[in-house]
């Protein structure tokens, strides 16, 4: 199996479901926490569930922050998932964490309200704000599976490619150049999610 | 708008799905992996598997089921039954489950909830809460453990609130009075708990007709509903339940 595709393991939660989804798609990949292997990858997935501060500390201690930064600057395709969609922004409200800063903006916490529980857990519709190869063959307003208490608020509206409504509308998917990220879990979003992952595997930004 | 989730519950004993009424008279109804695949294809939102043997020597059989399920379905699923340590939580998560459900052992050792939430995040930790009506309790409901056999001193509402504080990310609320009856969910209990905590509540016990799900979403304020008998015996498909709910204005994932 080729290791052209690397899934970054930075101890932020269970990678098993990303692994089984990629296996189902027949993709060759390697799960790695090595900065050298991450930097040398042709295609990168940054998954993650959990807490932003702990994740950033782990990335910085291991040198993976520099490796992912170098990978991104080299123009190769990168997909962030859930926490991996949050840490690409400047900062997170979650324990006031300084993040990777690939995109301008902050990650904010949902405010609970009557009938609106936090975490935002379950299936919700994603409405496309602009066309993107990641959404190829997926219907506008398709359902994806979310589980999160924080959401990205990009500084620039044009990076938002998909929006979701939970109280206020929030950025459910963002992209710029070779970078794409989704707040939902494509690996747990049934056929729509598998399609999105397959689209990422063939994406040539 | 966030869809109301339909979750199928499978009780697994010695590698086979079983179904009983009021925790008794279980009989085998099929292979859990094949059933999971079928429900996935029907559009189920989530599944939960309970290891109802939960004996140490049979644990391997169950973990093998979890691993095989993880390879064929691409929606979230939870696993529960006899989990008493953070290490056992890790085992089922590594086998491919998204969530771990703790019940009796969390009553005996509430630190289990906090420990799991700290290690894996609150989104992974589900509290299974079995409650039955009891006018002597402040909320009117008492917590039972060990498959409904053992009464505790805990009030159901107080325990739900405590579990939320400890870090539970979701509550599967099972009414012992309604379980297996197919007469409908316990709406009063569900509304009481779901209206009081700020984490999602999954109603469980009593579903027999799609109208029961409509009731528990509208009147019971449930975020999700567990079904078993009404789909296991082929009475309804997931698609039929969701169509029924959609036609009555309940947001569901139906594509």
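Chains as they are written, first to last, in our numbering: chain A, 3 to 207; chain B, 943 to 1197.
Idealized CB from N, CA, C, for every residue including glycine.
Since this is a predicted model, take the numbers as computed values, not measurements.
Quiz item: Between which two residues does the beta strand (DSSP E) carrying residue 178/A extend?
Solution: 171 to 178
Quiz item: What are the residues of the region 1006 to 1037 of chain B that lie near chain A, defined by any Cβ-Cβ distance shorter than 7 Å?
Solution: 1012, 1013, 1016, 1017, 1018, 1035 and 1036
Quiz item: Do the CB positions of residue 92/A and residue 77/A come within less than 7 Å of each other?
Solution: no
Quiz item: Can you list the residues of chain B that residue 122/A reaches, using a CB-CB cut of under 8 Å?
Solution: 944
Practice problem: Look up residue 1072/B in the DSSP assignment and say whether it is helix, strand or coil. | Solution: strand
Quiz item: residue 1142/B touches chain A at which residues, Cβ-Cβ below 9 Å?
Solution: 119, 121, 123 and 124
Exercise. Output, in sequence order along the chain, the residues in the region 1109 to 1125 of chain B whose CB is closer than 8 Å to any CB in chain A.
Key: 1111 and 1112
Self-check item: Proximity of residue 132/A and residue 90/A at Cβ, strictly below 7 Å
Solution: no
Quiz item: In angstroms, rounded to a whole number, what distance separates the CA positions of residue 1120/B and residue 1091/B?
Solution: 15 Å
Exercise. Can you give me the Cβ contacts of residue 27/A inside the same chain, cut-off strictly under 8 Å, excluding the 5 residues immediately before and after it?
Key: 196, 199, 200 and 203
Quiz item: Fully enclosed by the region 62 to 116 of chain A, which beta strand (DSSP E) runs are 3 residues long or longer?
Solution: 80 to 83, 91 to 94 and 105 to 111
Quiz item: What are the uninterrupted segments assigned as beta strand (DSSP E) that are 3 or more residues long and contained completely in the region 1096 to 1181 of chain B, given in chain order?
Solution: 1112 to 1117, 1143 to 1146 and 1166 to 1169
Quiz item: Is DSSP giving residue 156/A helix, strand or coil here?
Solution: strand
Exercise. For the alpha helix (DSSP H) holding residue 1055/B, just list the boundary residues, first then last.
Key: 1053 to 1062
Quiz item: Looking only at C-alpha atoms, which of 186/A, 181/A, 185/A and 188/A sits nearest to residue 79/A?
Solution: 181/A
Quiz item: What is the rounded straight-line gap between the Cα of residue 41/A and the Cα of residue 50/A?
Solution: 18 Å
Quiz item: Beta-carbon of residue 114/A versus every beta-carbon of chain B: anything under 7 Å?
Solution: yes
Exercise. Rank 1188/B, 1196/B, 976/B and 1129/B by C-alpha distance to the C-alpha of residue 1009/B and give the top, closest one.
Key: 976/B
Practice problem: Output, in chain order, the set of chain A residues within a Cβ distance shorter than 8 Å of residue 1195/B. | Solution: 125 and 145
Practice problem: With 7 Å as the threshold, decide whether the Cβ of residue 190/A is near any Cβ in chain B. | Solution: yes
Practice problem: Could you check what DSSP says for residue 185/A in three-state terms: helix, strand or coil? | Solution: coil
Quiz item: Which residues in chain B sit within 7 Å of residue 51/A, going by Cβ to Cβ distance?
Solution: 1063 and 1065
Quiz item: Counting contacts by CB-CB distance shorter than 7 Å, is residue 3/A in contact with chain B?
Solution: With a pLDDT of 38 at residue 3/A, under the threshold of 50, the predicted position of this residue should be treated as unreliable, though the coordinate-derived value follows. Chain B, which has no Cβ nearer than 7 Å to the Cβ of residue 3/A, makes this no.
Exercise. Indicate the three-state DSSP secondary structure (helix, strand or coil) for residue 134/A in the structure shown.
Key: coil
Quiz item: Checking contacts by CB at 7 Å: is residue 1072/B closer than that to chain A?
Solution: no
Practice problem: Assign residue 29/A to one of three DSSP states: helix, strand, or coil. | Solution: coil
Quiz item: Where do the N-terminal and C-terminal ends of the beta strand (DSSP E) with residue 145/A fall, by residue?
Solution: 144 to 150
Exercise. For chain A, find out if any of its Cβ atoms is closer than 7 Å to the Cβ of residue 1189/B; answer yes or no.
Key: no
Practice problem: Give a yes or no on whether 7 Å exceeds the smallest Cβ distance from residue 1104/B to chain A. | Solution: no
Quiz prompt | residue 208/A - partner residues in DSSP beta bridges | solution = As shown, chain A starts at 3 and ends at 207. That puts residue 208/A outside it, with no answer to give.
Quiz item: Under 7 Å between C-beta atoms, does residue 947/B make it to chain A?
Solution: yes
Self-check item: Buried/exposed call for residue 100/A, threshold 16 Cβ in 10 Å
Solution: exposed
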